[in-house]
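Student: The sequence shown begins at 1 in full-length UniProt numbering and counts up by one.
Positions of the beta carbon are idealized from the N, C-alpha and C atoms, including for glycine.
Please read through the structure below; I'll follow up with questions.
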Amino acid sequence: MISITNEKIDLQKLEIEDIIDIPTLQKFLDNFAIGMNCAAVSVNRSGQEITKPSHYRPFCSAYIHSNSKGDNRCAECHSYFGTEAAKLGKPYIGKCHAGLIDFSAPIIIQGELLGTVLGGQILDKAPNEAAIRQVAREIDLPEDELYMAAKKIDIVNSHNIEAAAEVLFIVVNTLAQEGYGRIETELLSTILANNFVEISKTVEILAESAQTITSNQQDLYTEISEIRAVTSEIEQVLNSITKVANTTKLIGLNASIEAARLGNNGRVFAVVASDIQKLSEHTKSTTMHINNLNSKINEKISSTELNSRKTLEITEDQSAAMEELSATAQNSAELAERLKAFIESN
1 MISITNEKID LQKLEIEDII DIPTLQKFLD NFAIGMNCAA VSVNRSGQEI
51 TKPSHYRPFC SAYIHSNSKG DNRCAECHSY FGTEAAKLGK PYIGKCHAGL
101 IDFSAPIIIQ GELLGTVLGG QILDKAPNEA AIRQVAREID LPEDELYMAA
151 KKIDIVNSHN IEAAAEVLFI VVNTLAQEGY GRIETELLST ILANNFVEIS
201 KTVEILAESA QTITSNQQDL YTEISEIRAV TSEIEQVLNS ITKVANTTKL
251 IGLNASIEAA RLGNNGRVFA VVASDIQKLS EHTKSTTMHI NNLNSKINEK
301 ISSTELNSRK TLEITEDQSA AMEELSATAQ NSAELAERLK AFIESN
């Protein structure tokens with residue numbers, strides 16, 4: 001069963017069936033057994049057969065496996081051969097409990113033993129009659145029949161046995177590595193697709209934020225322009241007030257002249273004329289002060305307006321760049337999805 005932990009395949013839960021097509025493995029073992037003139041079968045990490053026995057000899061299929069004693073001994077042999085092969089990390093060749101030569105090829109993925117392919121049921125020399133009869137007595141089988149079956153077993157040169165074990169090891173592990181690479185690629189493409197989707201979503205949010213900032217910056221620039229218009233109006237009003245103050249001062253001056261001409265009769269008028277002149281001077285002074293402040297405000301507005309324009313240009317460029325990046329991220333996400341679909345369909 002394929003189990004994913006922290007975006008990685010859990011090798012301890014991975015089975016041969018997850019990475020190798022069993023019908024394909026069965027077909028290979030059937031042809032291998034016939035071609036190499038030996039028997040073959042594949043077991044998982046628990047020792048359970050996952051393929052049907054290929055080219056089993058009658059010595060084993062008709063006699064050794066005919067009762068539970070023989071079956072149990074064979075199971076122990078399978079376990080032992082698998083363990084030894086796993087320790088070596090390569091094929092292990094030895095004699096089984098019945099005296100036949102067997103070999104085992106471990107199926108290993110990144111140091112994890114997933115199962116074993118077992119082969120053999122052959123001899124490298126004529127069978128030992130005494131040993132065969134002893135096996136027959138131990139597992140309650142007819143001695144003569146078991147020995148006759150042993151004499152029919154092929155005798156194979158030891159070099160050929162080693163070559164057969166090596167071929168089995170190379171081919172089966174190549175199939176396993178190819179299958180593991182496929183599911184690893186599927187996993188990575190899925191992670192890649194998901195990451196691109198998340199990136200695309202994030203970029204879209206950033207693009208929207210950039211557009212909002214650009215819009216706000218445009219509003220700010222507009223408001224600054226409106227403030228400049230208001231200061232222009234204030235300047236016009238101040239100019240009008242200055243003109244009125246100058247006119248008022250002139251009226252006060254004329255009133256003072258007239259009061260002087262009237263003498264004692266124009267004293268009250270002279271006081272009023274003096275107040276008018278003072279008011280005019282104060283108004284003019286205040287107007288000049290306000291005008292100076294307005295000039296400073298205009299300077300600040302000009303500086304702010306310039307900076308606002310620069311910022312607006314930058315945010316517009318950023319907004320355009322974010323939109324382009326968003327389109328690129330979306331396209332990458334689509335490509336990742338297509339890659340994932342392609343891998344899954346092959």
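Please report the straight-line C-alpha distance between L55 and A176, rounded to a whole angstrom.
Tutor: Note on identity: in this sequence residue 55 is His, with Leu being the wrong assignment. Each residue's Cα considered, the two are about 23 Å apart.
Student: For N173, count neighbouring C-beta atoms within 10 Å of its own C-beta (all shown protein chains included) and say buried if the count is 16 or more, exposed if not.
Tutor: Its Cβ being crowded by 16 or more others within 10 Å, N173 is buried.
Student: In terms of residue numbering, what span does the beta strand (DSSP E) encompassing P106 cover?
Tutor: That run of the beta strand (DSSP E) goes I101 to I109.
Student: Any contact between the segment 151-159 and the segment 20-30? By contact I mean 3 or more CB pairs, one from each, below 8 Å.
Tutor: As far as the Cβ criterion goes, the segment 151-159 does not touch the segment 20-30, which means the pair count is below three.
Student: Taking the continuous beta strand (DSSP E) assigned at A126, which residues delimit it?
Tutor: Where A126 is concerned, there is no enclosing beta strand (DSSP E), given that its DSSP letter is neither H nor E.
Student: Tell me whether P23 is buried or exposed, calling it buried when 16 or more other Cβ atoms sit within 10 Å of its Cβ.
Tutor: With fewer than 16 other Cβ atoms within 10 Å, it is exposed.
Student: Label H159 either buried or exposed according to how many other C-beta atoms from any shown protein chain fall within 10 Å of its C-beta, with 16 as the threshold for buried.
Tutor: Label assigned to H159: exposed.
Student: Give the DSSP-derived three-state secondary structure of A98 in the structure shown.
Tutor: Three-state DSSP puts A98 in coil, outside helix and strand.
Student: Please work out which residues of its chain come closer than 6 Å, Cβ to Cβ, to A126, disregarding the five sequence neighbours upstream and downstream, and give them in chain order.
Tutor: Cβ within range, chain order: n/a, list empty.
Student: Closest to E129 by CA distance: which of I107, G99 and I9 is it?
Tutor: Here the closest residue by C-alpha is G99.
Student: How is V167 classed by DSSP in three states: helix, strand or coil?
Tutor: Looking at V167 - three-state DSSP - the assignment turns out to be helix.
Student: Assuming R45 contacts L118 under a Cβ cut-off of 8 Å, what Cβ separation, rounded to an integer in Å, is found between them?
Tutor: Not confirmed; about 14 Å, so no contact.
Student: Hey, is the segment 186-196 in contact with the segment 33-42, meaning 3+ C-beta pairs nearer than 8 Å?
Tutor: At 8 Å Cβ cutoff, the stretches do not touch.
Student: Per DSSP, what kind of secondary structure is L14 in: helix, strand or coil?
Tutor: L14 falls in the coil class under three-state DSSP.
Student: Assuming A136 and L123 form a contact by the criterion Cβ under 8 Å, report the distance between their Cβ atoms to the nearest whole angstrom.
Tutor: With a Cβ gap of about 16 Å, A136 and L123 do not count as contacting.
Student: In the DSSP assignment, the alpha helix (DSSP H) including N6 goes from what residue to what residue?
Tutor: Where N6 is concerned, there is no enclosing alpha helix (DSSP H), given that its DSSP letter is neither H nor E.
Student: Taking the continuous beta strand (DSSP E) assigned at S61, which residues delimit it?
Tutor: Premise fails: S61 is in no beta strand (DSSP E) and is neither H nor E.
Student: Identify which residue in I139, E138, E204 and Q110 has its Cα closest to the Cα of G181.
Tutor: Considering only alpha carbons, the answer is Q110.
Student: Exposed or buried, which one is T116 when buried takes at least 16 other CB atoms within 10 Å?
Tutor: Buried, by the Cβ-count rule.
Student: Report the CB separation of C60 from Q134 in whole angstroms; it is logged as a contact under 8 Å.
Tutor: Their Cβ separation, rounded to whole angstroms, is 17 Å, which puts C60 and Q134 out of contact at 8 Å.
Student: Within 10 angstroms of its Cβ, does I205 collect 16 or more other Cβ (buried), or is it exposed?
Tutor: It counts as exposed.
Student: What is the C-beta distance between I161 and F81, in whole angstroms, given that I count them as a contact (C-beta under 8 Å)?
Tutor: Not a contact, Cβ separation roughly 14 Å.
Student: Can you grab the Cα-Cα spacing for the pair G70 / A341, in whole Å?
Tutor: About 49 Å.
Student: Around the C-beta of R338, are 16 or more other C-beta atoms found within 10 angstroms, so that it is buried, or is it exposed?
Tutor: The residue is exposed, with fewer than 16 neighbouring Cβ atoms inside 10 Å.
Student: Would you kindly report the start and end of the unbroken beta strand (DSSP E) that includes S42?
Tutor: Segment A39 to N44, the beta strand (DSSP E) holding S42.
Student: Report all residues from its chain with a CB closer than 7 Å to the CB of T140; omit the five preceding and five following residues, and keep chain order.
Tutor: The residue asked about is misnamed: residue 140 is Asp in this sequence, not Thr. Here the set comprises N67 and K69.
Student: Exposed or buried, T5, counting other C-beta atoms within 10 Å across all chains shown (16 or more means buried)?
Tutor: It counts as exposed.
Student: Quick one: residues in its chain with C-beta nearer than 7 Å to the C-beta of A33, no 5 flanking neighbours on either side, listed in chain order?
Tutor: Correct list, in chain order: A39, A40, S54 and H55.
Student: Could you spell out where the alpha helix (DSSP H) holding Q48 opens and where it closes?
Tutor: Element bounds for Q48: n/a, residue is neither H nor E.
Student: Suppose you measure from the CA of I314 to the CA of T185; what does that come to, to the nearest Å?
Tutor: C-alpha separation (whole angstroms): 41 Å.
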